[in-house]
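A.B. asks: For the sequence shown, position 95 matches number 95 in full-length UniProt numbering, and the numbering has no gaps at all.
Positions of the beta carbon are idealized from the N, C-alpha and C atoms, including for glycine.
First the structure, then my questions, so here it is.
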Amino acid sequence: MKSRFPPLTPLSRGAVIWRRARETLLRVGARTKAQADRHRSKSPVYVVGQKVWLSSKDIPLRSVSNKLAPKIIGPFTVTKILSPVAVRLKLPPVYRRIHPVFHVSKLKPLFHSPINPPAPVPPPLRLVDGEPTYSVNRILDSRRRGRGFQYLVDWEGYGPEERSWVTARDILDHSLIDDYNQPGGAPRRRAFGFGEKFIAWDLLMDYYVAGDLLTLLSKFGDCIWRTWLSST
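What follows is the structure in structure tokens.
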């Protein structure tokens, strides 16, 4: 029996299978989306100039412990609306290597209420020898750089996203370094001394690099001398 339609070739048979598979995938995808949308709240609509919180999940925070790091940081200002689900934020210079465009799922609008007051305003800058200075809340960590050390500083009135590494020379109040190197303040890197009087090695290097030799000799001269005598 003859037919008016030509027989299916392997190529045309594959096209039919591909079309049916695509229709099935689209149908399953639409069903899955409909089920997910039932439990998904509508994303807030953001505008330029609005303040928002940013999730710190993928942000490399400078924190002593990841478990104790804040879950959200900011607030940051929205500078551009790229799409209903993507906005551009104004990030501080410390995050200049991070792409400033984020999905709205990582943002939360900033609200002010009696139980959620606005963030305190940073203290005004002070001028020391004509140079602006910032107030230090505390020193969190230290690391060796060259012949000295740098300290991770938590600035008073600023969030964790503004923490930065500074040298001992830039810390005007050396009592902050002394407190950091006290037992319980932070783990000591290395110490030497005689009897019950020990000196943190990084503390000595701080005074040496800062050029404060008089303070170094007045505070630790006796201990250094006794250490040298005990080693000879």
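1. Given this structure, state the Cα-to-Cα distance separating Q150 from R143, to the nearest angstrom.
2. Closest to Q50 by CA distance: which of H99, R169, P93 and I81 is it?
3. Indicate whether residue 317 and L91 have their beta-carbon atoms separated by less than 8 Å.
4. Given that a residue counts as buried once 16 or more other Cβ atoms are within 10 Å of its Cβ, and exposed if not, what is P75?
5. How is V166 classed by DSSP in three states: helix, strand or coil?
6. Between S164 and chain C, is the shortest Cβ-Cβ distance under 8 Å, so that the two count as touching?
7. Could you say if the stretch 101-112 and the stretch 39-47 meet the contact criterion of at least three C-beta pairs nearer than 8 Å?
8. Mapping the DSSP letters down to three states, classify R131 as helix, strand or coil.
9. How many angstroms separate the CA atom of G159 from the CA atom of H39?
10. Going by DSSP, which residues form a beta bridge with S142?
11. So, for G14: in the same chain, excluding its five sequence neighbours on each side, which residues have a beta-carbon less than 6 Å away from its beta-carbon?
12. Would you mind listing the beta strand (DSSP E) stretches within the stretch 28-111 that are 3+ residues and don't spill past its ends, in chain order?
13. Using C-beta distances below 8 Å, list every residue in its chain close to S231, excluding the 5 sequence neighbours before and after it, in chain order.
14. Please go through the same chain and pick out, in chain order, the residues whose beta-carbon is closer than 7 Å to the beta-carbon of V128, but skip the five residues on each side of it.
15. Bridge partners for V136 per DSSP, in chain order?
16. With 16 other CB atoms within 10 Å as the buried threshold, where does I17 fall?
17. Do V94 and E161 count as a contact pair if the criterion is CB distance below 8 Å?
18. Buried or exposed for W102, please, with buried defined as at least 16 other CB atoms from any protein chain shown within 10 angstroms of its CB.
19. Let's test the definition: count the other Cβ atoms within 10 Å of the Cβ of S56 and tell me whether it reaches 16, buried, or not, exposed.
20. Note down, in chain order, each residue of its chain lying with its Cβ closer than 6 Å to the Cβ of W165, except the 5 sequence neighbours on either side.
21. Buried or exposed: which applies to D154, given that a residue is buried once 16 or more other Cβ atoms fall within 10 Å of its Cβ?
22. What residue range is occupied by the uninterrupted alpha helix (DSSP H) comprising L172?
C.D. replies: On the basis of the coordinates in this document:
1. 5 Å
2. I81
3. No answer is possible for residue 317: the residues shown for the chain start at 1 and end at 232.
4. buried
5. strand
6. Protein chains in the displayed structure number just one, and chain C is not present.
7. yes
8. Inspection of the sequence shows that residue 131 is occupied by Glu rather than by Arg. Strand at E131.
9. 33 Å
10. Y151
11. none
12. 51-55, 72-83, 86-90, 101-103 and 107-109
13. Here the model assigns S231 a pLDDT of 45, short of 50, so the residue's position is not dependable, and the following value carries that caveat. Cβ neighbours of S231 beyond the five flanking positions: none.
14. L172
15. W155
16. exposed
17. yes
18. Residue identity check: residue 102 is Phe in the sequence provided, not Trp. With 16 or more other Cβ atoms within 10 Å, it is buried.
19. buried
20. Q150 and L152
21. buried
22. First-last for L172: undefined, no H or E at that position.
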